[in-house]
Structure formats: C-alpha cells, structure tokens
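Here the structure is laid out as structure tokens; the discussion comes afterwards.
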Amino acid sequence: STMATATAATTTTTTADPQEGSVLIDTQHEDLVHDVQCDWYGQKMATCSSDRTIKICSLNGGSYEVSATLQGHSGPVWQVSWAHPQFGVVLASCGFDGSVLIHGEVRPREWTILHAAHQLHSSSVNGVCFAPPEFGLQCAAASSDGRVSVLRHEPETQVWSVEYLEDCPMGVNAVSWAPAGAYYDASSSANQETPRLVTAGCDNGLRFWQCNTSTGEWTQQNVPQCDTATTSAIQHHHHKDWVRDVAWAPSLVPNHNRIASCSEDGQVLIWTQAKDDPTSSSSSSSSWTATLVHQFDEPVWRVSWSATGHVLAVSSGDATVTLWKEGLVDGTWIRMDEDQAAAAAAVDATSSGETKEDGTPMPLSPPGPPPTAAVSEPMPTTTTATTVTGDVSSTAPAPPPPKLAAPPPPPVM
12 STMATATAAT
22 TTTTTADPQE
32 GSVLIDTQHE
42 DLVHDVQCDW
52 YGQKMATCSS
62 DRTIKICSLN
72 GGSYEVSATL
82 QGHSGPVWQV
92 SWAHPQFGVV
102 LASCGFDGSV
112 LIHGEVRPRE
122 WTILHAAHQL
132 HSSSVNGVCF
142 APPEFGLQCA
152 AASSDGRVSV
162 LRHEPETQVW
172 SVEYLEDCPM
182 GVNAVSWAPA
192 GAYYDASSSA
202 NQETPRLVTA
212 GCDNGLRFWQ
222 CNTSTGEWTQ
232 QNVPQCDTAT
242 TSAIQHHHHK
252 DWVRDVAWAP
262 SLVPNHNRIA
272 SCSEDGQVLI
282 WTQAKDDPTS
292 SSSSSSSWTA
302 TLVHQFDEPV
312 WRVSWSATGH
322 VLAVSSGDAT
332 VTLWKEGLVD
342 GTWIRMDEDQ
352 AAAAAAVDAT
362 SSGETKEDGT
372 PMPLSPPGPP
382 PTAAVSEPMP
392 TTTTATTVTG
402 DVSSTAPAPP
412 PPKLAAPPPP
422 PVM
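Add 11 to a position in the sequence shown, counting from 1, and you land on the number used in my numbering.
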C-alpha cells in the first residue's frame, strides 16, 4: 500500500542543552538522521534516516509531535525537499535505492505516494530539490551514476515526465535551482523565467545547466571559472575533494548571484557572480569568483541559506552547525554568536527575502492561508542535516552517502 501510516499522537516538548543552548528533538528514528527540512510556513518538519523511513513532525509552540511515518524506500533515505505550498503539501525524497518518491498529504496525518520513480537511477540518488514555483511542479535529483534527472508534473495529462542530464561521470552529490529572476533582462521578461541548475560533483567542481523554455532541452553552460580542475587567475580558492553540497542563494539584487558550496576538504566557499559589463542586460555569462568562508578541520556535509540570503548555515563533521554572515567592511565572512543568530532569525521570520527600493526587507506575504498552528520556527530554511538526531547512541552528524556509493574513477591508462 502506498498510504502512509499516521503514528499515535505523541507530543514531545523540546529540551535545551544548558551547555550548548541547543534544542534536542526525539524524531523516533531508529538509525542515523541524514536530513531535516521545514516547510514554507515552518509548521511541518520532515526528517529522513538510514532506517528507510521519513518522519513528519508537526510544530506547535514548544511541542513537536511526530504525526506520520512515510515509507517506500528500500534503503537509506538521504534527503527530502518540500514543494511550494501553492502545489499543496508535497514532499520529495531520495535514497540509496536509486529512487525518488513524491509524497502528498491528502488529509491531515494521512499521506500517500503521488509518484514513485523507482530505480530512476542505476545508483544512489544523493540529493533532491524542488524548483521555484514559477517553473511549475518539478524537482531535480543528483545521482552517483553521474546523471541528474528532472522530474516534471504535466498538469494537462497528470503524469510525471523525466529528463536526464549527463553531468559528472564520477558521480553527482547535490543539486540546487537558481531562484526565479536571478538573471533579469529589462528588455525581455522571458529570460528571467529560464530554469537553471547548479550541481556538485565528485570531480571537485560545480556545473551549471540552463533549460530552453521553448524546446524544454537542458544544456550545460560553459563556466570555466567554476571548473576547479582548471582554476583561472581570477579564482583564488577551489575545492580539493568531493563537493558534498551546493546551495543557490535567494535573489535579492538582480544579476548579482551567490552560491555556497562545501566539500570533504573542509572548505566552505561562496561563489559570487556580478555583471562584468554594466551596460549589459544580463550577467548569465559573467565570471564567478570564490571567497573562502572558513576552513574546517573536518569534512563539511551541508550548507543552507536563510530566507533573505544574509545568513549561511553550515553542517560540518565536527558535530556542529554554525551560522555565518558577511562582514560589512571587507566582505569577510564572520561566525555569528547566539545573540546575533537570534536577531537574524527574527528578521527572517517576518521577511519574504525580497527588498524594497531603500534596501529594507519586504514583509512576509504567504501565497495563501497558512495552517492553523502558530509558526514557531523563525528560520526554517537554515535548518540543516545535523540539527535533529534520531534514537542513536551518538549525536555526531550523520554523513551523506559514503564515497563507495559513487562509481570509482576510470583507471589511468
């Protein structure tokens, strides 16, 4: 049966660690937790685990209730992603079994599998991400078989189509969508609605993809500055090991894009793209430059932006989640203390991520009536893989798929 079983109503009140000031949540998982994501309103939290299940928690004030357990994967589940609420309560998941499942809540506490893309890939699917709502209901998945799949729901036929992108032959670890309007062209409104992707590969580099809205064909963009194997003179930093995650920042300023990436080499980099030619109407072909946020002593598994793109959350192999913001003077990224993080959270809780003409944040304006429960999580988008632990003996962060999940590199002839 594809219907999920709702768990008994078990309400758990969070407890704070007096030493670290962190909040501990019992997810009721029986193995390592690999990812946690809050929905758009911050009222539902999805976690996935090596126990092959996904847990849905309802957030209400200081209590967290595990309201449903979703099944369907035959192996560890690596990542989950919420669709925009205009499509309903929809969640995508991916796992070691090479599958991507699309789950939907049909009634409160009652979930079903809307689409089961079993064996979508021939190897582990390491990352999944829904597109911005302007591009329709579609999600991209990154796999160790070297390909990226784009699943798209066709509203006319009510079926899901799939297209494969031949990405990194050594394997792809993560994928992220560019926000709608990231490349604004004043002379044409069509250009700003072009879907774009960035992927993180096992060749230590990033790749960019663009979709032709007329033909639906995806093509890889030639961005040599992001090819870390051929570092250009303008780039002072590059990854020296597998890139584990990549995240495109919300678009606050037209034609000024930022991407965060992290790697097993312990580096967190911010890639910035701005117009080279102020008279040009688009910056899609402009160069990218990398800035080092921090060199960690352990591998870094996940990066995630806040709703406004001002704060970056980093989940690292030393069992910590840290928050970083850019300095106002020299552009150096600074680790935030608890008071600064709380202040930034308050801004993100009431901001839509867009700015007014004077640079102040636009107020939050949801695309429909929110659920009845009160919003209690101020910064859901910065929640990363290590903020929630399951019923395991260790509180260390659960790593993404091991290197053995990807095909080995070809032998040197």
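Think of the CB as a built atom: it goes at the ideal place given N, C-alpha and C, for glycine as much as any other residue.
CA-CA distance, residue i and residue j?
i, j, result
"Ser262", "Trp93", "19 Å"
"Trp220", "Arg207", "6 Å"
"Cys150", "Thr123", "18 Å"
"Leu102", "Pro87", "17 Å"
"Met56", "Ile270", "25 Å"
"Val425", "Trp188", "There is simply no residue 425 to check, as the chain begins at 12 and stops at 424 in what is shown."
"Gly338", "Leu112", "40 Å"
"Ser3", "Val340", "With the chain covering 12 to 424 only, the question about residue 3 has no answer from this structure."
"Cys222", "Phe146", "11 Å"
"Trp344", "Trp299", "18 Å"
"Trp282", "Gly328", "22 Å"
"Pro265", "Arg218", "21 Å"
"Val332", "Thr168", "43 Å"
"His45", "Glu204", "32 Å"
"Gln306", "Arg120", "43 Å"
"Val173", "Pro166", "14 Å"
"Ala330", "Gln54", "25 Å"
"Val304", "Lys251", "15 Å"
"Ala47", "Thr58", "A quick correction: the sequence has Val, not Ala, at residue 47. Computed Cα separation, rounded: 4 Å."
"Gly216", "Leu131", "24 Å"
"Ala385", "Gly212", "Residue confidence for Ala385 is low, a pLDDT of 31 falling below 50, so the modelled location carries little weight; the figure read from the coordinates is stated next. Straight-line Cα distance between these residues: approximately 39 Å."
"His472", "Arg118", "This structure does not reach residue 472, given that the chain is present from 12 up to 424, and the question cannot be answered."
Report the residue from the options whose alpha carbon sits nearest the alpha carbon of residue i.
i, options, result
"Val254", "Phe141, Asn137, Gln39, Leu81", "Asn137"
"Tyr175", "Ala211, Ile113, Gly227", "Gly227"
"Leu70", "Arg63, Tyr52, Ser85, Ser60", "Tyr52"
"Ala128", "Arg120, Phe146, Cys105, Leu148", "Cys105"
"Asp62", "Cys49, Trp89, Leu148", "Trp89"
"Leu148", "Gln130, Leu131, Phe98, Arg118", "Phe98"
Please return the same chain residues whose Cβ sits closer than 8 Å to the Cβ of residue i, not counting the five positions on each side in sequence.
i, result
"Ser225", "none"
"Val159", "Ala151, Ala152, Ala153, Tyr175, Leu176, Asp178, Val183, Val186, Leu208, Thr210, Trp220"
"Gly342", "Thr302"
"Val314", "Asp256, Val257, Ala258, Ala271, Ser272, Cys273, Val279, Leu323, Ala324, Val325, Ser326, Thr395"
Identify, in the order they occur along the chain, each residue of the same chain with its Cβ nearer than 6 Å to the Cβ of residue i, setting aside the five sequence neighbours on each side.
i, result
"Trp3", "The chain is shown only over 12 to 424; residue 3 falls outside these bounds and no answer can be derived."
"Val100", "Glu116"
"Leu81", "Ala15, Ile65, His114, Trp122"
"His84", "Arg63, Gly106, Asp108"
"Asp42", "Ser60, Ser61, Asp62"
"Asp11", "The chain is shown only over 12 to 424; residue 11 falls outside these bounds and no answer can be derived."
"Trp229", "Leu176, Trp220, Cys222"
"Cys68", "Met56, Tyr75, Val77"
"Asn268", "Ala193, Gln284"
Leaving aside the five residues before and after residue i along the sequence, list all residues of the same chain whose C-beta is less than 7 Å from its C-beta, in chain order.
i, result
"Ser133", "Gly109, Asp156"
Does residue i get closer than 8 Å to chain C when you measure Cβ to Cβ?
i, result
"Gln97", "You won't find chain C in this structure, because it holds only one protein chain."
request  = Answer yes if the stretch 224-235 comes into contact with the stretch 190-198, meaning at least three C-beta pairs across the two stretches below 8 Å, and no otherwise.
outcome  = no
message = With a threshold of 8 Å, are at least 3 pairs of Cβ atoms found where one atom belongs to the stretch 295-313 and the other to the stretch 270-279?
response = yes
inquiry  = Three or more C-beta pairs under 8 Å: does that hold for the stretch 138-145 against the stretch 93-104?
reply    = yes
task = Could I get the ranges of all uninterrupted alpha helix (DSSP H) runs contained in the stretch 62-94, with 4 residues as the minimum, in chain order?
result = none
key: Unbroken stretches of the alpha helix (DSSP H), 4 residues or longer, contained in the stretch 159-204   = none
query = Which runs of the beta strand (DSSP E) spanning at least 3 residues fall entirely within the stretch 290-327, listed in chain order?
reply = 299-306, 311-316, 322-327
message = Suppose only complete runs of 3+ residues qualify. What are the beta strand (DSSP E) ranges in the stretch 91-163, listed by chain order?
response = 101-106, 111-118, 121-128, 136-141, 149-154
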